[in-house]
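Participant: Below are the structure tokens for one structure; questions will follow.
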Amino acid sequence: MKEVEFTIAPEELSRQSVWFAMGYRGSTPEQRICDMAEEVIDALLPAAVVKYMYRLVPASKISPTAITLGGTVFNPGGIIGSYLDGMTDACIFIGTAGREFDAKLKEINSEGDIVTDFIADSIGTVLAELAVDRLERDLRPGLNLSMPYSPGYCGWDIREQQSFFPLFPPEPCGVTLTASSLMQPEKSVSGFFAMGEKLIRQPYHCEICKNSKCYKRRKG
Amino acid sequence: MSALFDAIFKGLLPAAKTAVQEALDAGQSPQEIINDNMVPAMEAIGKEFAEGRVFVPNLLLSARAMKGALEILKPLMQAENTTTAGTVVIGTVKGDLHDIGKNLVASMLEGRGFKVINLGADVSKERFIEAARDNDADIICLSALLTTTMGYMKEIVDAVRESGIKVRIMVGGAPLNAEFARSIGADGYSSNANDAVDLAKSLVA
Numbered sequence: 029m030k031e032v033e034f035t036i037a038p039e040e041l042s043r044q045s046v047w048f049a050m051g052y053r054g055s056t057p058e059q060r061i062c063d064m065a066e067e068v069i070d071a072l073l074p075a076a077v078v079k080y081m082y083r084l085v086p087a088s089k090i091s092p093t094a095i096t097l098g099g100t101v102f103n104p105g106g107i108i109g110s111y112l113d114g115m116t117d118a119c120i121f122i123g124t125a126g127r128e129f130d131a132k133l134k135e136i137n138s139e140g141d142i143v144t145d146f147i148a149d150s151i152g153t154v155l156a157e158l159a160v161d162r163l164e165r166d167l168r169p170g171l172n173l174s175m176p177y178s179p180g181y182c183g184w185d186i187r188e189q190q191s192f193f194p195l196f197p198p199e200p201c202g203v204t205l206t207a208s209s210l211m212q213p214e215k216s217v218s219g220f221f222a223m224g225e226k227l228i229r230q231p232y233h234c235e236i237c238k239n240s241k242c243y244k245r246r247k248g
Numbered sequence: 010m011s012a013l014f015d016a017i018f019k020g021l022l023p024a025a026k027t028a029v030q031e032a033l034d035a036g037q038s039p040q041e042i043i044n045d046n047m048v049p050a051m052e053a054i055g056k057e058f059a060e061g062r063v064f065v066p067n068l069l070l071s072a073r074a075m076k077g078a079l080e081i082l083k084p085l086m087q088a089e090n091t092t093t094a095g096t097v098v099i100g101t102v103k104g105d106l107h108d109i110g111k112n113l114v115a116s117m118l119e120g121r122g123f124k125v126i127n128l129g130a131d132v133s134k135e136r137f138i139e140a141a142r143d144n145d146a147d148i149i150c151l152s153a154l155l156t157t158t159m160g161y162m163k164e165i166v167d168a169v170r171e172s173g174i175k176v177r178i179m180v181g182g183a184p185l186n187a188e189f190a191r192s193i194g195a196d197g198y199s200s201n202a203n204d205a206v207d208l209a210k211s212l213v214a
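Top line first, the protein sequences correspond to chains A and B. Converting from the first sequence to our numbering requires adding 28 to each position, the first position being numbered 1. Converting from the second sequence to our numbering requires adding 9 to each position, the first position being numbered 1.
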């Protein structure tokens, strides 16, 4: 079990990632929207202490749709299951943009400017994803590593968060789970990287997923 | 194209406020200003969005400009007994705290002439019913972003029907689809804010 936290300076934040989270796919917003985003980034980032916690656990694929992670059975479904042949281990994780960031987000929300609110929300999404990116960068498993998969995405029922969280100590990185399986702070992410000597890392195949509104959706 | 139409279409808040004041000074009534300039501007930006020529922030900028202009007109509208396109009670259902998409729908509905009562997030069926009754609502809009909370929509629909209030119900949110909406007895489903306004218009027609 390892916990990591870091801050990020405004100039370090990938603007392309922010534009992507705002709905721009491979394009840049017009200048005034970029300018607004820069203001929000400057206001928000000092409040963000991004954290992630992870564990390396034994894992296996027990059917086309079911797996075990650290001894617990999950049913991520056929889409994720199709990527997991050869999985022998996994890195399970929880990451968050943090409570301080969440408080700042709520402050912006209460001001009632829907444009700023949308930009801030998008930045929060990027920060939570950044925790996963940093984790992946830090991992040196000596085994092949899959893309990250999360409850609530790619057909994995979000209610399995209730089985996933007990794999960690209470309130990992300050993240809690509501009865409806919503993480608090809101800008948090959970999931796993599959690992295995014979595992083949494959890109997400969004075209076979029914959720056309997924914010992670790639073109195609 | 009027300066007000242009300001709202381009999402220019200060220009929209100036233009609406100038229209008032020129003797136009709030209803004329809304119907002849503001609503057409929102319809135009909505069409641009639907055709993929602008992005969500453009919609939001226009909605914000519209809202700013409406703030100037609202006191006059109350005195003038101005008609609206209808009254909508909107909220994210109990257990769910996501409200960005719902707020966008609320803004777009306001922009197209609806009176909107935004109840926020984590809203119970009792609050939806109370607000619909108190405001004589035409439509209740339900939003959910979680598969674990979309099931509560059926409880709300059932409770509304049992309450006897005459109101249409529309639903939206990432995990939903039209089939789900039909299965819970909702009157309509939309997949984005722009379509939600068209759906609301059709439900009150």
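Note that the Cβ used here is the ideal one computed from N, Cα and C, for glycine as well.
1) When the cut-off is 8 Å and only beta carbons count, does A:Val78 lie next to chain B?
2) When you compare only the Cα positions, how much space is there between A:Met50 and B:Phe64?
3) Could you pull the start and end residues of the alpha helix (DSSP H) that A:Gly224 belongs to?
4) Going by beta-carbon coordinates alone, are A:Met81 and A:Phe121 separated by less than 8 Å?
5) In chain B, which residues lie less than 8 Å from A:Phe193 when you measure between Cβ atoms?
6) Threshold first: 3 residues or longer. Then list the beta strand (DSSP E) segments lying entirely within the segment 126-209 of chain B, N to C.
7) Would you say the segment 92-102 of chain B touches the segment 150-164 of chain B, given that touching needs at least three Cβ pairs under 8 Å?
8) Would you mind sorting A:Ala65 into buried or exposed? The rule is 16 or more other CB atoms within 10 Å of its CB.
9) Among A:Arg43, A:Tyr52 and A:Val101, whose alpha-carbon lies nearest the alpha-carbon of A:Val68?
10) Within 10 angstroms of the Cβ of B:Lys134, are there 16 or more other Cβ atoms? Answer buried if so, exposed if not.
11) Give, in chain order, every residue of the segment 65-84 of chain B whose Cβ lies closer than 9 Å to some Cβ of chain A.
12) A:Lys30: which of A:Val85, A:Glu39 and A:Ala125 sits nearest, CA to CA?
13) By alpha-carbon positions, which one of A:Gly140, A:Met115, A:Pro198 and A:Phe48 ends up nearest to B:Leu70?
14) Since I believe B:Ala78 is in contact with B:Met47 (beta carbons under 8 Å), could you give me their beta-carbon distance rounded to a whole number of angstroms?
15) Any C-beta of chain B within less than 7 Å: which residues of the segment 35-63 of chain A qualify?
16) So is A:Gly248 in contact with chain B if we call contact Cβ pairs under 8 Å?
17) Using a C-beta to C-beta distance shorter than 9 Å, which residues of chain A count as neighbours of B:Ile99?
18) Using only the alpha-carbon positions, how far apart do A:Arg165 and A:Ala159 sit?
19) Please compile the residues from chain A whose C-beta is within a distance smaller than 8 Å of the C-beta of B:Gly104.
20) Beta-carbon separation of A:Arg187 and A:Ser218 under 8 Å?
21) Can you pull the chain A residues whose beta carbon is under 9 Å from the beta carbon of B:Ser116, in chain order?
22) Using a Cβ-Cβ cut-off of less than 7 Å, give me the residues of the segment 175-190 of chain A that come near chain B, in sequence order.
23) How long is the line joining the alpha carbons of B:Pro184 and B:Gly36, rounded to whole angstroms?
24) Quick check on this structure: which residue in A:Thr96, A:Ala71, A:Ala87 and A:Ile107 has the alpha carbon closest to the alpha carbon of A:Tyr232?
25) Taking the DSSP output, what are the residues bridged to A:Tyr82?
26) Does the beta carbon of B:Asn236 sit closer than 8 Å to a beta carbon anywhere in chain A?
27) Please classify A:Ile228: is it buried, with 16 or more other beta-carbons within 10 angstroms of its beta-carbon, or exposed?
28) With C-beta atoms as the reference, is A:Ala118 less than 8 Å away from A:Ala87?
29) Please report whether the beta-carbon of A:Glu157 lies at a distance below 8 Å from any beta-carbon of chain B.
30) Quick one: list the residues of chain B neighbouring A:Glu214, beta-carbon separation under 8 Å, in chain order.
31) Give the secondary structure of A:Pro176 by DSSP, where H, G and I count as helix, E and B as strand, and everything else as coil.
32) Kindly identify the DSSP beta-bridge partner or partners of A:Ala87.
33) Would you say the beta carbon of A:Ser174 is closer than 7 Å to some non-hydrogen atom of the ligand GTP?
34) Among all the DSSP beta bridges, which residues are the ones paired with B:Val102?
35) Roughly how many whole angstroms lie between the Cα atoms of B:Glu139 and B:Ile149?
Facilitator: Once the coordinates are examined:
1) For A:Val78, the nearest beta carbon of chain B is not closer than 8 Å to its own beta carbon.
2) Cα atoms of A:Met50 and B:Phe64: separation of roughly 8 Å, rounded to the nearest angstrom.
3) Looking at the DSSP string, A:Gly224 is not in any alpha helix (DSSP H); the run it does join, the beta strand (DSSP E), is Ser216 to Gly224.
4) Yes, the pair counts as a contact, with Cβ atoms nearer than the cut-off.
5) Those do not exist, as A:Phe193 stays about 14 Å from chain B at its closest Cβ, beyond 8 Å.
6) The segment 126-209 of chain B contains these whole beta strand (DSSP E) runs: 148-152 and 177-181.
7) Contact between the segment 92-102 of chain B and the segment 150-164 of chain B is present: three or more C-beta pairs spanning the two stretches fall below 8 Å.
8) Counting the other CB atoms within 10 Å of its CB gives A:Ala65 a total of 16 or more, which places it among the buried residues.
9) That would be A:Arg43, whose Cα lies nearest to the Cα of A:Val68.
10) Flag for B:Lys134 reads buried.
11) Val65, Pro66, Asn67, Leu69, Leu70, Ala72, Arg73 and Lys76
12) Nearest option by C-alpha distance: A:Val85.
13) Comparing alpha-carbon positions, the option among A:Gly140, A:Met115, A:Pro198 and A:Phe48 lying closest to B:Leu70 turns out to be A:Gly140.
14) 6 Å
15) Those residues of the segment 35-63 of chain A placed with their C-beta closer than 7 Å to a C-beta in chain B are Met50, Gly51, Tyr52, Pro57 and Ile61, ordered along the chain.
16) With a pLDDT of 35 at A:Gly248, under the threshold of 50, the modelled position of that residue is not reliable, and no figure is offered here.
17) Within 9 Å Cβ-Cβ: nothing; B:Ile99 doesn't reach chain A, min ~13 Å.
18) 10 Å
19) Thr206, Ala207, Ser208 and Leu210
20) no
21) Those are Ile142, listed as they occur along chain A.
22) Answer in chain order: Asp185, Ile186 and Arg187.
23) B:Pro184 and B:Gly36 have their C-alpha atoms some 48 Å from each other.
24) A:Ile107
25) A:Lys30 and A:Phe121
26) No information on residue 236 of chain B is available, as it lies outside the stretch 10 to 214 that chain B covers here.
27) exposed
28) yes
29) no
30) Here the neighbours are Leu106 and His107.
31) strand
32) A:Leu97
33) Judged by which ligands are present, the structure shown has none, so any question about the ligand GTP falls away.
34) Answer is B:Val132.
35) Straight-line spacing of the CA atoms in B:Glu139 and B:Ile149 works out to 11 Å.
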